[in-house]
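Engineer: The structure that follows is given in the form of structure tokens.
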Amino acid sequence: MNTLSQEKINEIRNSVNIVDVISSYIPLTPKGKNYFGVCPFHDDTNPSMSVSPSRQIYKCFSCGATGTVFKFIMDYENISFMEAVKKVADLGGIVVNIGKIHKKKTNTELHQIYDLSLKFYINNLNTAQGKSAKEYLSKRNISEDVIKEFQIGLALKKDTLSKILIKKFKPEDVLKSGLVGKNDYGYYDLFYERIMFPLYDLDGNPVAYSGRIYNRQDNSKYFNTIETEIFKKGELLYNYHRAKDEARRKNKVLIMEGFMDVIRAYTIGVKNVVATMGTAVTEVQANLIKRMAKEIILCFDGDEAGAKATMSCSNELLKIGVTPKVIRLEDNLDPDEYIQKYGKEAFQKKIDNPINIMDFKLSYLKKGKDLTSSVDGAKYISELITELNKIDDEILKDLTIKKVATEMDIDEDLIRKHLEKKEIKQIKPKKTETKALTTKYEKAESGLVYYMLKSPEVITMYNNKVTYIPNKEYRMLAREISSFYKNFGFINEADFIDYIECDSEIMETISKINKNNTKETYTLEEIEDYINVIRDYNVKEEIKRLTNKMKNLTDPLDKAKIAEEIVGLKRSVMNV
């Protein structure tokens, strides 16, 4: 539980306007009393998220995502409830001390193994045996401060780590970590004589390593940890936990390929930077990038492979409605090499003057083509049309068409008539995403709990007339709402959500009932109907139980007694 009172949390939430906060993350458009925007929590291209300034709640009509400003920031930035409270407090000018945040770790053993291994490797680098490795880092202009900031360590030649880990943890967990192997002779270190660069999860926990050779020849300059239960390369971004706040502050984030590029950028004060760690950008990574800042700049290696990676990454971002900008580096250099060769000012100039994605694509598509040739010219135009169909920015699309038409001396309409026509976007729920309520009983339970969140009157009716809600998730939510009302004497959806600290299971149930109930008002007749349907279900279940019990009885008097009870239950149902 948090250390702040419910009153303080309410004060913090009310110190800001939810519309102002959410609109700093995603564009919102006013419609009637509410504001609408594209939901960032599912694959959405239509503005299906509604934000209510009066209720201080947001709700997505497609995926059911709902909550207060705290919940939005929690999910958008992948942080804890109390971290979100602190962020909102800062925005509202309220000073709070939330103490140290303890990140939840899903696999304690593997995380403990990596925590210990990190201390071990860091210590190695600071011993006499680490002298040559430190000299190597110094020659590469990696200072002592950078070593500490990025927790760079050293794996020695001996199988020391494996011995330590096997003594402290279960052998099966140690082998699952990707740090230790086993053969006929026993356990051995998988990393040896390598400078160790830790890789982190989104919360900043070490979950893997990339080890670089520095004093010997090897087929692999870098050796990386295999994927494990806590390390999925395509779901993480290197330096995300350090860069996210700086990226939010500047509303700009640089995307690079390698962790050395990120580290080098840090040495010149560029801290809003993450790396894909050399893999093709996945949908998960693209969505993480989308949430970091509005301006996305791709800065990959300056060679042909880097250009290809830029194309691939930009297309993945365009799929989710992000139009990135691009930095291209001369002399086939990667960012690490470029910064070392040309310095801070030259690189900062690149950041301040990125090229738009279509100018980059035009340049990329021209390579290897003779545009005076009809065949190559036609291929160029055809490929251009394919790329234009990927972007939603109509102004950029129009400027690109005009530019190419002038450049190729062709009619603009030749390009325009081959473009795909975009569907008119409408605000409507995606029926395929909403799981229909299967029975009248579930509909009644969902409807009753939905209105309990909105009305003390409905809570009172629930307390007086409902003894048991059959569905466990609705039952638990109803009990929490009733308990909140009993403790505080009122019900407010925003206050309730903050009271439960955005508990994931309860929030999932709230999202579910919000998806299946959209009407804000109710009649007493509707609520009575819901209660009667629930009562009908409970009575029928009790009749089933008694009937089965009667079958196992031998005493006629006992059977007659239960039969009479069943008749009474059936009459009560008929009288409803």
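If you read the sequence shown in the numbering used here, its first letter stands for residue 230, the second for the next number, and so on.
Built from N, CA and C at the ideal position, the CB exists for glycine as well.
1. Identify whether Met540 lies in helix, strand or coil by the three-state DSSP scheme.
2. Find the nearest neighbour of Gly322 within the set Ile720, Thr668, Glu574, Val245, judged by alpha-carbon distance.
3. Using only the alpha-carbon positions, how far apart do Asp621 and Thr668 sit?
4. Cα separation between Glu364 and Ser406?
5. Relative to the C-alpha of Glu749, which residue among Arg774, Thr615, Gly382, Val678 is closest?
6. Could you give the C-beta distance for Ile580 and Ile497, rounded to a whole number, given that I count them as a contact under 8 Å?
7. Who are the near neighbours of Lys863 in its chain, counting only those whose CB is closer than 8 Å to its CB and skipping five residues on each side?
8. Could you spell out the range, first to last residue, of the beta strand (DSSP E) harbouring Gly382?
9. Classify Tyr697: buried if its beta carbon has 16 or more other beta carbons within 10 angstroms, exposed otherwise.
10. Please confirm whether Gly507 and Gly487 have their CB atoms less than 9 Å apart.
11. Since Ala840 and Val510 are thought to touch, with beta carbons under 8 Å apart, how far apart are those beta carbons, to the nearest angstrom?
12. From Val604 to His340, what does the alpha carbon distance come to, in whole angstroms?
13. Count the other CB atoms within 10 Å of the CB of Val796; is the residue buried (16 or more) or exposed (fewer)?
14. From the DSSP secondary-structure annotation, give me the bridge partner or partners of Ala504.
15. Given that a residue counts as buried once 16 or more other Cβ atoms are within 10 Å of its Cβ, and exposed if not, what is Lys664?
16. Report the residue from Ile393, Lys368, Asn544, Ile586 whose alpha carbon sits nearest the alpha carbon of Tyr350.
17. Can you grab the Cα-Cα spacing for the pair Asp490 / Leu233, in whole Å?
18. Could you tell me whether the segment 741-757 touches the segment 291-302, using the rule of 3 or more Cβ pairs below 8 Å?
19. Applying the 10 Å Cβ sphere with the 16-neighbour rule, what's the burial state of Ala607?
20. Would you identify the three-state DSSP class for Asp319, choosing helix, strand or coil?
21. Could you give the residue range of the beta strand (DSSP E) that holds Pro256?
22. Three or more beta-carbon pairs under 8 Å between the segment 755-767 and the segment 727-735, yes or no?
23. Since Met418 sits in a beta bridge, which residues does DSSP pair it with?
24. Which residue's Cα is closest to the Cα of Glu641: Lys650, Arg423, Thr629?
25. Just the Cα atoms here: how many angstroms apart are Thr752 and Tyr670?
26. Could you tell me the distance, in whole angstroms, from the CA atom of Phe398 to the CA atom of Ile342?
27. Any chance the segment 308-319 sits against the segment 276-288, with 3 or more Cβ pairs inside 8 Å?
28. Identify every run of the alpha helix (DSSP H) within the segment 591-658, keeping only runs that are complete inside it and at least 4 residues long; order them along the chain.
29. By the three-class DSSP mapping on this structure, what secondary structure does Ile424 have?
30. Roughly how many angstroms separate the alpha carbons of Leu643 and Lys519, rounded to a whole number?
31. Per DSSP, which one or two residues make a beta bridge with Met278?
32. Rounded to whole angstroms, how far is the Cβ of Asn468 from the Cβ of Ala504, which I believe are closer than 8 Å?
33. Specify the secondary structure class of Ser309 as computed by DSSP and reduced to three states.
34. Going by alpha carbons, who is nearest to Leu617 out of Ser602, Thr635, Phe589, Thr601?
35. Quick one: what's got a C-beta closer than 6 Å to Leu517's C-beta in the same chain, skipping five residues either side?
36. Can you round the beta-carbon distance between Ile424 and Ile455 to whole angstroms, since I take them to be within the 8 Å contact cut?
Structural biologist: According to the data block:
1. When DSSP states are grouped into helix, strand and coil, Met540 belongs to the helix group.
2. Selected option, being the one with the closest Cα: Val245.
3. The straight-line gap separating the alpha-carbon atoms of Asp621 and Thr668 is approximately 41 Å.
4. Cα-Cα distance, rounded: 30 Å.
5. Looking only at Arg774, Thr615, Gly382, Val678, the smallest Cα-Cα distance to Glu749 is reached by Val678.
6. Actually they do not touch by this definition, with Cβ atoms about 10 Å apart.
7. Absent from the model: residue 863. The displayed extent of the chain is 230 to 805, so no value can be given.
8. Run containing Gly382: 382-384, per the beta strand (DSSP E) assignment.
9. Answer is exposed; the Cβ neighbour count stays below 16.
10. Taking C-beta atoms as the reference points, Gly507 and Gly487 count as a pair closer than 9 Å.
11. In this structure the chain extends from 230 to 805, so residue 840 is not present and cannot be described.
12. The alpha-carbon atoms of Val604 and His340 are separated by roughly 57 Å.
13. By the neighbour-count rule (16 or more Cβ atoms within 10 Å), Val796 is not buried but exposed.
14. In the DSSP output, where bridge partners are listed per residue, Ala504 has Tyr467, Met485.
15. Only weak support is given to the placement of Lys664: the predicted model assigns it a pLDDT of 48, under 50, and the question is left unresolved by the model.
16. Ranking Ile393, Lys368, Asn544, Ile586 by Cα distance to Tyr350 puts Ile393 first.
17. In a straight line, the C-alpha of Asp490 is about 41 Å away from that of Leu233.
18. Short answer: they touch.
19. Here Ala607 is exposed, its C-beta having fewer than 16 other C-beta atoms within 10 Å.
20. The answer is helix: DSSP assigns Asp319 an H, G or I state.
21. Where Pro256 is concerned, there is no enclosing beta strand (DSSP E), given that its DSSP letter is neither H nor E.
22. Contact fails: fewer than three Cβ-Cβ distances are below 8 Å.
23. Looking at the sequence provided, one finds Asp at residue 418 rather than Met. Under DSSP, the beta-bridge partners assigned to Asp418 are Val409.
24. It is Thr629 whose Cα lies nearest to the Cα of Glu641.
25. In a straight line, the C-alpha of Thr752 is about 19 Å away from that of Tyr670.
26. Taking the straight line from one Cα to the other gives about 8 Å.
27. With the rule of 3 Cβ pairs closer than 8 Å, the segment 308-319 does not count as touching the segment 276-288.
28. Entirely contained in the segment 591-658, the alpha helix (DSSP H) runs reaching 4 residues are, in chain order, 603-617, 623-637, 641-645.
29. Reduced to three states, the DSSP call for Ile424 is strand.
30. Lys519 has its alpha-carbon roughly 33 Å from the corresponding atom of Leu643.
31. According to DSSP, Met278 bridges with Gly266, Cys289.
32. Right, the Cβ-Cβ distance comes to about 6 Å (below 8 Å), so this counts as a contact.
33. It is coil, neither helix nor strand.
34. Looking from the CA of Leu617, the closest CA among Ser602, Thr635, Phe589, Thr601 belongs to Phe589.
35. Excluding five sequence positions before and after Leu517, the CB atoms of its chain that fall closer than 6 Å to its own CB belong to Leu466, given in chain order.
36. About 19 Å separates the CB atoms of Ile424 and Ile455; that is not less than 8 Å, and the two are not in contact.
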